[in-house]
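J.: Protein chains in written order, with my numbering: chain A, 105 to 605; chain B, 105 to 605. Ideal Cβ placement from N, Cα and C applies to all residues, glycine included.
Number of protein chains: 2
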Amino acid sequence: MKQVRIMEKDRLDIFFDPSSVAIIGATKKTDKAGYVIFKNFADNKKRGIYKGKIYPVNPREKTILGFKCYRKITEIPGEVELIVIVVPAKVVPQIMIDAVSKKVKTAIIITAGFKEIGEKELEEQIVRTASEAGIRILGPNCLGVYYSKTGVDTLFLPETKVLTTGDEIIATPRPLFGRIAIVTQSGAFGIAALDYLAGRQIGISKFVSFGNKSDVTESEMIHYLLSDKETKVILLYVEDIKHGRRFLEIAKNVSLKKPIVVIKSGRSPAGARAAASHTGAIAGSDKVYDTVFKQTGVFRANDMEEFFDAGKALSMQPPALGKNIGILTDAGGPGIMAVDECSRKGLVVNHFSKKTLDKFQILKNQGILPRFASISNPVDLTGSVTDKMYEEAVDLMFQDPDIHGIILLGLHHLPGLREKYIDGVARISGKYQKPIVMCDIGETEMALYTRFRFDKLGIPAYPSPEDAARAMNSLVKYGAFLKKNKHEKEYISHFFKKKEL
Amino acid sequence: MKQVRIMEKDRLDIFFDPSSVAIIGATKKTDKAGYVIFKNFADNKKRGIYKGKIYPVNPREKTILGFKCYRKITEIPGEVELIVIVVPAKVVPQIMIDAVSKKVKTAIIITAGFKEIGEKELEEQIVRTASEAGIRILGPNCLGVYYSKTGVDTLFLPETKVLTTGDEIIATPRPLFGRIAIVTQSGAFGIAALDYLAGRQIGISKFVSFGNKSDVTESEMIHYLLSDKETKVILLYVEDIKHGRRFLEIAKNVSLKKPIVVIKSGRSPAGARAAASHTGAIAGSDKVYDTVFKQTGVFRANDMEEFFDAGKALSMQPPALGKNIGILTDAGGPGIMAVDECSRKGLVVNHFSKKTLDKFQILKNQGILPRFASISNPVDLTGSVTDKMYEEAVDLMFQDPDIHGIILLGLHHLPGLREKYIDGVARISGKYQKPIVMCDIGETEMALYTRFRFDKLGIPAYPSPEDAARAMNSLVKYGAFLKKNKHEKEYISHFFKKKEL
């Protein structure tokens, strides 16, 4: 049984689902990374989430958290699939030699102090040792892996922190399971992303921080995620890309099946200089990156907010197969703001066809929509809005073959609008295969409730009209990429099949 | 006493502090605007916040909420300084004639159905009647005024809403008192702004929604706010500007003393078309607006988030008197993201002078900063960061005469960073007259706590590196405007004098 499992498994699988793991540098000192990481595994084992074996390795301890401690990897009786290394950089070459004798399969090197500070030779030495024995390395100078389903958690930052006041406070939360994978060069940004996503209640499938990427690169990781059934969208943070040509091939291939959203920082010369001093990598011209991303259908986010917003949109909604957007609002001003942002991004908000206009006019004549409602796109339901009106209007807009996506602005403040339309709109959108995103503005109870409800029903909700327009833009750009590659039908049919499962 | 007060008061003051107000169209029907507005005044009177007289006017009621109801304004025994009109549009001309006989001074016309739907003549008729008697009008088609200090609240949207589940939920909160004035053409956007600001715990001085601006315009309102001691920053939302030349003069004058941040929507041709159909105004070319804002030192926000972020920065921090920004971080990636956004906005992140570099080197040699810290701007304190390091490093950066402003990225996740540095940084920044903004990424407990604490201590905190960079950009742009007009010294000395008060 055991053997079959290993045969079937891609070696990168082991990073996410090791049957045995040794923490090299596990310790009882609670403020050390070696303690936090070992405790993550020990806790998850107790909870029954991590099902494999765990071995602390530290020559100065007998037991840690009740687990027998080993002096060296080679003294561990059973097989060791994964080692997590948190000992100082200069010790790592010897650890890797031991790992080779032990026939270890994968290593996550958390330890910093390699290429990023000029210690290139030290890093290369370790990689040479490992690669000869087929050991795959994540890192060094990384945070490693977090995968909620198997309880693999090599993040050395505990979920809570104790303030000087003595209060314990959530500091580094782990998000719930979801459909977005995070692949990041920057550990700090990765951790920040987890904090953001946990707070916004967006789940993640897998988290990988690869740091110096001495062995496993971004390309290999996104290729791996292509066949990961749990991942629908990949969010990638990089400061440089290794093996550009390989990335080009892989990213394009992956993009046809799974949208990739990227932050490539070091966009400006000053930023590139900072990135180079940070990673030790030589940054290429940013224009080259832009071209690569365009060719491969990778959506390049302009900033952090757009990064997460696009990820959320692409994980919840199908792509837009055209760039003409219908805007439905109960607030004139924010409707215009959405139009402005659509235009800035190259989307259009055209007048409706005569057929659609006529249908809207009938609704007005019947008193179903307000007499003074604008119906020329944006549709403005005005302050007289009711839940029912949203349902009628959104259905009409979905029906128009010239409308490729809908931005719904549902400012909850108006008296006739309650929460009923949320389910109504979700139900109606389920009849169509076009994308819809929504916005409600506000940071107090009903705004948060409205956005949360829409999110839960699969309609991504945003706190500003521009955020919603940018999210729609990511769906339009992705749709254009699929169409250019004649892959839109396959993607969409797969998208809705997966949704039904 | 009474007479003296009126003599001293500018007529626009009455909108914010009337000694008597009549609500024309007050009603007992709880779902009507006339009920909500009258109840706002009645409640605020009971609470002792609104200190003037209130009169409901409605020919079909004897009393409303215990107040004697009048059939007509002219039947009210005492003086009426302000009327709030919520009766249908066609009745308003007669109301205004009555108001003239009653010697009313100001009117807020909430009622819609005028110029914005083509009823231009009806609107002009009312304005003619009023202006001959010197009655000033806010509106029509507006929400009017909210001013927490006097309890004037003409917002017809109650603070809470009852959902279909029976739950009562906060829907339209009123922010606390603060230093930012909101002046808006769009009522819906205004309400949304209140919801945003309340949730983010940013206070406002005065809120004015002027709708169709048949009489009082944006220009007059910002001119009024120039002498309003409670307002430090003006946030203005407009879809068009009336009397461009007048705006040019006034805005420039006001900008020298108080920063103005604007959203002018209808930026794109499609947006302008939507704006025109929404307000009935003919939109000018957007380039003209851009020029006007540049000439007058008005900071034009690209989107809603930047609008609020700039307002917050300008209300808390002095302007930057140059565009070279120092970036201090404990997270390499987010540091680069901040550099990128600075560059995009035309700011620079130059290498430090030799003198500053030497000082940093000494701190490294002394072991006060980590051995591998980058010190070339951005300063990256790395994962070994402690509270103490931030204090040392930020002080050094403030001292450098070539650094005009500081962006501090304090990602709280790292183990050595606790909350102590927050007070430390605030204390140190108090020694200098340069701006500082901060960012911590995350949406759970410690991130929210960190940002909240910084905000409270007067250092504006943002949830993304780009938001922080954009906020700094607003301080740089405002500083450049002041310098161009040789007004920076006066502004800064006044800024810190006010702060001490």
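By the three-class DSSP mapping on this structure, what secondary structure does B/ARG115 have?
T.: The count along the second sequence starts at 1 and reaches residue 115 of chain B at position 11. Note: B/ARG115 maps to coil in three-state DSSP.
J.: If you follow the beta strand (DSSP E) that B/LYS157 is in, where does it begin and where does it stop?
T.: Against the second sequence, residue 157 of chain B aligns to sequence position 53. Residues 157–161.
J.: As an exercise, report each continuous alpha helix (DSSP H) stretch of at least 4 residues that is fully enclosed by the segment 232–317 of chain B, in chain order.
T.: Runs found: 291–303.
J.: Relative to the C-alpha of A/ILE195, which candidate in A/GLU179, A/ILE214, A/ALA379, A/GLY437 has its C-alpha closest?
T.: Looking up residue 195 of chain A in the first sequence gives position 91. The residue you asked about is not Ile; residue 195 of chain A is Val in the sequence shown. Nearest option by C-alpha distance: A/ILE214.
J.: What does DSSP give as the partner residues of B/VAL190 in its beta bridges?
T.: Locating residue 190 of chain B in the second sequence gives position 86, where the first residue counts as 1. Beta-bridge pairing links B/VAL190 to no other residue.
J.: In angstroms, rounded to a whole number, what distance separates the CA positions of A/LEU579 and A/SER359?
T.: Position 475 of the first sequence, counted from the first residue, corresponds to residue 579 of chain A. Position 255 of the first sequence, counted from the first residue, corresponds to residue 359 of chain A. Their backbone Cα atoms lie some 13 Å apart in a straight line.
J.: How many whole angstroms separate the CB atoms of B/SER369 and B/GLU343, which I take to be in contact at a CB cut-off of 8 Å?
T.: Counting from one through the second sequence, the residue named residue 369 of chain B turns up at place 265. Counting from one through the second sequence, the residue named residue 343 of chain B turns up at place 239. Rounded, the Cβ-Cβ distance is 6 Å, consistent with contact.
J.: Count the other CB atoms, across all protein chains shown, that sit within 10 Å of the CB of A/PHE600; report buried if there are 16 or more and exposed otherwise.
T.: For the purposes of this step, residue 600 of chain A is identified with residue 496 of the first sequence, where counting begins at 1. Burial call: exposed.
J.: Could you list which residues in chain A have their beta carbon closer than 8 Å to that of B/ALA292, in chain order?
T.: Your numbering for residue 292 of chain B matches position 188 in the second sequence. Result: ASP434, ALA435, GLY436, GLY437, PRO438, GLY487, LEU515, HIS517, LEU518.
J.: For A/THR395, go through chain B and note every residue whose CB falls closer than 9 Å to its CB, in chain order.
T.: The residue given as residue 395 of chain A occupies position 291 in the first sequence. Within chain B, no residue comes near A/THR395; the closest Cβ sits about 18 Å away, beyond 9 Å.
J.: Nearest-angstrom Cα distance between A/ILE364 and A/VAL337?
T.: As a first step, residue 364 of chain A must be located in the first sequence, where it is residue number 260. As a first step, residue 337 of chain A must be located in the first sequence, where it is residue number 233. Spanning the two alpha carbons is a distance of roughly 6 Å.
J.: How about A/VAL249 and A/TYR154: are their beta carbons less than 8 Å apart?
T.: As a position in the first sequence, residue 249 of chain A is number 145, starting the count at 1. As a position in the first sequence, residue 154 of chain A is number 50, starting the count at 1. No, they are not a contact pair.
J.: Could you give the C-beta distance for A/ARG240 and A/LEU116, rounded to a whole number, given that I count them as a contact under 8 Å?
T.: Working through the first sequence from its first residue, we reach residue 240 of chain A at position 136. Working through the first sequence from its first residue, we reach residue 116 of chain A at position 12. The Cβ separation is near 7 Å, so the contact holds.
J.: Would you tell me roughly how many angstroms separate the C-alpha atoms of B/ILE110 and A/GLY562, rounded to the nearest one?
T.: Position 6 of the second sequence, counted from the first residue, corresponds to residue 110 of chain B. Position 458 of the first sequence, counted from the first residue, corresponds to residue 562 of chain A. Because the pLDDT at B/ILE110 is just 42, under 50, the model does not fix this residue reliably, and the value given afterwards should be weighed accordingly. Taking the straight line joining both Cα atoms gives about 57 Å.
J.: Look at the Cβ atom of B/HIS409, then the Cβ atom of B/ASP544, and state whether they are nearer than 8 Å.
T.: As a position in the second sequence, residue 409 of chain B is number 305, starting the count at 1. As a position in the second sequence, residue 544 of chain B is number 440, starting the count at 1. The residue you asked about is not His; residue 409 of chain B is Glu in the sequence shown. Not a contact, by the Cβ cut-off of 8 Å.
J.: Just to check my reading of the structure: A/ALA292 and B/GLY436 have Cβ atoms closer than 8 Å, yes? What is that Cβ distance to the nearest angstrom?
T.: Looking up residue 292 of chain A in the first sequence gives position 188. Looking up residue 436 of chain B in the second sequence gives position 332. That pair is a contact at about 6 Å.
J.: Any Cβ of chain D within less than 8 Å of the Cβ of A/VAL452?
T.: No chain D is present in this structure, whose protein chains are A and B.
J.: May I have the straight-line CA-CA distance separating A/LYS587 from A/TYR595, to the nearest angstrom?
T.: The count along the first sequence starts at 1 and reaches residue 587 of chain A at position 483. The count along the first sequence starts at 1 and reaches residue 595 of chain A at position 491. Near 10 Å, if we compare the C-alpha coordinates of A/TYR595 and A/LYS587.
J.: DSSP state of A/ARG404, grouped into three classes?
T.: Here residue 404 of chain A corresponds to residue number 300 of the first sequence, with the count starting at 1. It is a strand residue.
J.: CB-CB under 6 Å to A/SER457, same chain, minus the five flanking residues each way: which ones, in chain order?
T.: Here the question's residue 457 of chain A lines up with position 353 in the first sequence. For A/SER457, where only same-chain residues beyond five positions count, the Cβ hits under 6 Å are ASP506.
J.: Please classify B/ASP271 as buried or exposed, where buried requires at least 16 neighbouring CB atoms within 10 angstroms.
T.: Numbered from its first residue, the second sequence carries residue 271 of chain B at position 167. The residue in question, B/ASP271, is exposed, as its Cβ has fewer than 16 Cβ neighbours within 10 Å.
J.: Since A/TYR525 contacts A/TYR494 with CB under 8 Å, what's their CB separation in whole angstroms?
T.: Mapped onto the first sequence, residue 525 of chain A falls at position 421. Mapped onto the first sequence, residue 494 of chain A falls at position 390. About 4 Å; that satisfies the 8 Å criterion.
J.: Near B/PRO564, which residues of its chain fall below 7 Å by C-beta distance, leaving aside the five closest residues on each side in sequence?
T.: Taking the first residue of the second sequence as 1, we reach residue 564 of chain B at position 460. For B/PRO564, where only same-chain residues beyond five positions count, the Cβ hits under 7 Å are LYS416, ALA417, MET420, GLN421, VAL541, ALA575.
J.: Any contact between the segment 391–398 of chain A and the segment 458–470 of chain B? By contact I mean 3 or more CB pairs, one from each, below 8 Å.
T.: No: the two stretches stay apart, fewer than three of their Cβ pairs being nearer than 8 Å.
J.: Look up B/VAL452 in the DSSP assignment and say whether it is helix, strand or coil.
T.: Position 348 of the second sequence, counting from 1, holds the residue named residue 452 of chain B. DSSP places B/VAL452 in strand when its eight states are reduced to three.
J.: On the premise that A/THR268 lies in contact with B/ARG557, defined as a C-beta separation below 8 Å, what is that separation, rounded to the nearest angstrom?
T.: Your numbering for residue 557 of chain B matches position 453 in the second sequence. Your numbering for residue 268 of chain A matches position 164 in the first sequence. About 12 Å; that fails the 8 Å criterion.
J.: What does A/VAL366 pair with, by DSSP beta-bridge criteria?
T.: Taking the first residue of the first sequence as 1, we reach residue 366 of chain A at position 262. Looking at the DSSP assignment, A/VAL366 forms a beta bridge with A/LEU340, A/ARG404.
J.: For A/GLY509, report the span of its beta strand (DSSP E) as first-last.
T.: On the first sequence, position 405 is the one that residue 509 of chain A refers to. Looking at the DSSP string, the run of the beta strand (DSSP E) that includes A/GLY509 is 509–513.
J.: Rounding to the nearest angstrom, what Cα-Cα distance links B/TYR566 and B/ASP413 in this structure?
T.: For the purposes of this step, residue 566 of chain B is taken as residue 462 along the second sequence, with counting starting at 1. For the purposes of this step, residue 413 of chain B is taken as residue 309 along the second sequence, with counting starting at 1. Between B/TYR566 and B/ASP413, the C-alpha separation is close to 8 Å.
J.: Just grab the DSSP bridge partners of A/ASP506 for me.
T.: Residue numbering aside, residue 506 of chain A sits at position 402 when the first sequence is read from its first letter. The partner list for A/ASP506 (beta bridge, DSSP) is empty, contrary to what the question assumes.
J.: Starting from the N-terminal side, write out each stretch of the alpha helix (DSSP H) that is 4 residues or longer and does not extend beyond the segment 192–232 of chain B.
T.: DSSP runs (the alpha helix (DSSP H)) wholly in the segment 192–232 of chain B: 196–205.
J.: Given A/LYS468, which residues of its chain have a CB within under 8 Å of its CB, disregarding the five upstream and five downstream residues?
T.: One-based indexing of the first sequence puts residue 468 of chain A at position 364. Hits under 8 Å: PRO474, ARG475, ALA477, ILE479.
J.: Should B/GLU45 be flagged as near chain A, meaning a C-beta pair shorter than 8 Å?
T.: Nothing about residue 45 of chain B can be read from this structure; chain B reaches only from 105 to 605.
J.: Following the continuous beta strand (DSSP E) through A/GLY430, name the residue where it begins and the one where it ends.
T.: Position 326 of the first sequence, counting from 1, holds the residue named residue 430 of chain A. Start and end: 429–433.
J.: Just to make sure I have the definition right: I need the residues of chain B whose C-beta is within less than 8 Å of the C-beta of A/LEU267. Which are they?
T.: Position 163 of the first sequence, counting from 1, holds the residue named residue 267 of chain A. Simply ARG522, GLU523.
J.: Using a Cβ cut-off of 7 Å, pull out every chain B residue sitting near A/TYR443, in sequence order please.
T.: Taking the first sequence and counting its residues from 1, one reaches residue 443 of chain A at position 339. A quick correction: the sequence has Val, not Tyr, at residue 443 of chain A. In chain order: SER372, ALA374, GLY375, ALA378.
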